[in-house]
């Protein structure tokens, strides 16, 4: 006889915005990348006790040699430090020298390009979970220059997932809903209330959805498919910008200013796309690729440019009680001062200057209410929402054993709205 169990003391929420995880603390540090080797657009995920490696890269525009070190820190599901000694989750050294660097050669903007792989022979994680990669300078109190999240996973829980239209008819043509089913037969003495499932749309960690409220539990199968479970605004395909050649005006560039000190790129103004009918095209879902149509080595031959983004609101009137953000990996996927568009009253437009390395970029605009912001409305005023939009989703399954002080990642899966309808 099938036994149905109703969960108790459960919750479902959006991860709060305060307490940024991915941070750049030194203004000279640019283009920080952390990704699995050979997969520059993939999330920084590696398997525990496998041969998988991450590649970490960054540029120092101070253009002087600096001794950098890295360490890692285990975090809980909410990206708070766990109450463990580092040697409880690190095999090897807690301070590791970054040795590999190259000096920019043909770029007008001078910089040192640093890179290293992780894990190393002298530093390996011994537990699965959320981690911070922390890079800092030697001396001056070991000054922290940036932090980037990454994930160490175990694959003990197979995940079956699909993308559906939401049950709610009012959002069925503008949102996407993720159905998740877990097979937990490999977990001995499982306590379902200690399971938590997190779903990520593209790379927008500021709107990560987390639930420990399954719609039903039947034997070894646990399913999350209630009306409110994992429903995301679908948005539209991302806007794009081609900076692979700083001498050629691609379709998004209005003006190129070649200065003695560098290059300024003035983009054509953007506007709301909410009234534009949906059409599909291949995009990078808010990510970017460092590339150059004229050089051989993207890492140390690509140049930098100062790029001006502008956004024209309707009738040249600024949004009231709302903040406009330039969103995507080009602003670190953070809704902070670096992403906030500034209002130019004289020109009746929002503006933002960014210093970007040559490559191909994708981005969106997000408008959020200053009071009681609702991430479900992010694209409503600037992009529009269409359920047909191609989006990528990532699922993490967390489990905290009774008496433990950290959250294991015991399941991981990814799916795409075009491939997994």
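Residue numbers (our numbering): 422 to 842. Glycine residues also receive a C-beta, built at the ideal position from the N, C-alpha and C atoms.
{"Check": "Which residue marks the beginning of the beta strand (DSSP E) containing residue 600, and which one marks its end?", "Outcome": "596–604"}
{"Check": "So, for residue 563: in the same chain, excluding its five sequence neighbours on each side, which residues have a beta-carbon less than 7 Å away from its beta-carbon?", "Outcome": "557"}
{"Check": "Got a sec, what are the start and stop residues for the alpha helix (DSSP H) residue 719 sits in?", "Outcome": "719–722"}
{"Check": "If I measure Cβ to Cβ from residue 480 and keep anything under 6 Å in the same chain, skipping five residues before and after, which residues do I get?", "Outcome": "451, 452, 532, 534"}
{"Check": "Quick one, which of 663, 752, 509 has its alpha-carbon nearest residue 675's?", "Outcome": "663"}
{"Check": "On the DSSP letters alone, give me the boundaries of the beta strand (DSSP E) that residue 744 sits inside.", "Outcome": "743–748"}
{"Check": "Is residue 569 near residue 455, with beta carbons less than 9 Å apart?", "Outcome": "yes"}
{"Check": "Taking the alpha carbon of residue 733 as the reference point, which residue from 719, 769, 724 has its own alpha carbon closest?", "Outcome": "769"}
{"Check": "If I measure Cβ to Cβ from residue 438 and keep anything under 6 Å in the same chain, skipping five residues before and after, which residues do I get?", "Outcome": "Unreliable positioning characterises residue 438 in this predicted model, as indicated by a pLDDT of 37, which lies under 50. A coordinate reading is not provided."}
{"Check": "What separation, rounded to the nearest whole angstrom, lies between the Cα atoms of residue 830 and residue 460?", "Outcome": "21 Å"}
{"Check": "Please tell me whether residue 620 and residue 832 are closer than 9 Å, where the distance is taken between their beta carbons.", "Outcome": "no"}
{"Check": "Are the CB atoms of residue 501 and residue 755 nearer to each other than 9 Å?", "Outcome": "no"}
{"Check": "Would you list the residues sitting across from residue 733 in a DSSP beta bridge?", "Outcome": "692"}
{"Check": "Closer than 6 Å by C-beta to residue 488: which residues in its own chain qualify, once you throw out the five before and the five after it? Chain order, please.", "Outcome": "559"}
{"Check": "Kindly confirm or deny that the region 587–598 and the region 800–817 touch, where touching means at least three C-beta pairs closer than 8 Å.", "Outcome": "yes"}
{"Check": "In chain order, what residues of the same chain have a beta carbon less than 8 Å from the beta carbon of residue 520, not counting five sequence neighbours either side?", "Outcome": "537"}
{"Check": "Here's the rule: buried if 16 or more other CB atoms are within 10 angstroms of the residue's CB, otherwise exposed. What is residue 702?", "Outcome": "exposed"}
{"Check": "State the Cα-Cα distance for the pair residue 747 and residue 787, rounded to the nearest angstrom.", "Outcome": "7 Å"}
{"Check": "Can you give me the C-alpha to C-alpha distance between residue 739 and residue 469, rounded to a whole angstrom?", "Outcome": "49 Å"}
{"Check": "On the three-state DSSP scale, how would you describe residue 615?", "Outcome": "helix"}
{"Check": "Which of helix, strand or coil does DSSP assign to residue 554?", "Outcome": "strand"}
{"Check": "Please state whether the Cβ-Cβ distance between residue 749 and residue 712 is less than 9 Å.", "Outcome": "no"}
{"Check": "May I have the straight-line CA-CA distance separating residue 602 from residue 815, to the nearest angstrom?", "Outcome": "14 Å"}
{"Check": "If distances are taken between C-alpha atoms only, which option among 727, 472, 581, 737 comes closest to residue 771?", "Outcome": "737"}
{"Check": "Under 8 Å: do the region 539–554 and the region 511–528 share three or more Cβ pairs, one atom per stretch?", "Outcome": "yes"}
{"Check": "What residue from 717, 790, 646, 682 has the CA that sits closest to residue 587's CA?", "Outcome": "646"}
{"Check": "On the CB-based measure, 16 or more other CB atoms within 10 Å of its CB, does residue 836 come out buried or exposed?", "Outcome": "buried"}
{"Check": "Under the three-state reduction of DSSP, which class applies to residue 499: helix, strand or coil?", "Outcome": "coil"}
{"Check": "Mark residue 448 as exposed unless 16 or more other C-beta atoms lie within 10 angstroms of its C-beta, in which case mark it buried.", "Outcome": "exposed"}
{"Check": "Specify the secondary structure class of residue 457 as computed by DSSP and reduced to three states.", "Outcome": "strand"}
{"Check": "Check each candidate in 554, 798, 505 and name the one with the smallest Cα separation from residue 655.", "Outcome": "798"}
{"Check": "Buried or exposed for residue 680, please, with buried defined as at least 16 other CB atoms from any protein chain shown within 10 angstroms of its CB.", "Outcome": "exposed"}
{"Check": "Tell me residue 755's beta-bridge partners as DSSP assigns them.", "Outcome": "None, per the DSSP bridge assignment."}
{"Check": "For residue 691, count neighbouring C-beta atoms within 10 Å of its own C-beta (all shown protein chains included) and say buried if the count is 16 or more, exposed if not.", "Outcome": "buried"}
{"Check": "Would you kindly report the start and end of the unbroken beta strand (DSSP E) that includes residue 545?", "Outcome": "544–546"}
{"Check": "Got a sec? Which residues, its chain only, sit under 8 Å from residue 528 by beta carbon, not counting five neighbours each side?", "Outcome": "721, 722, 723, 724, 725"}
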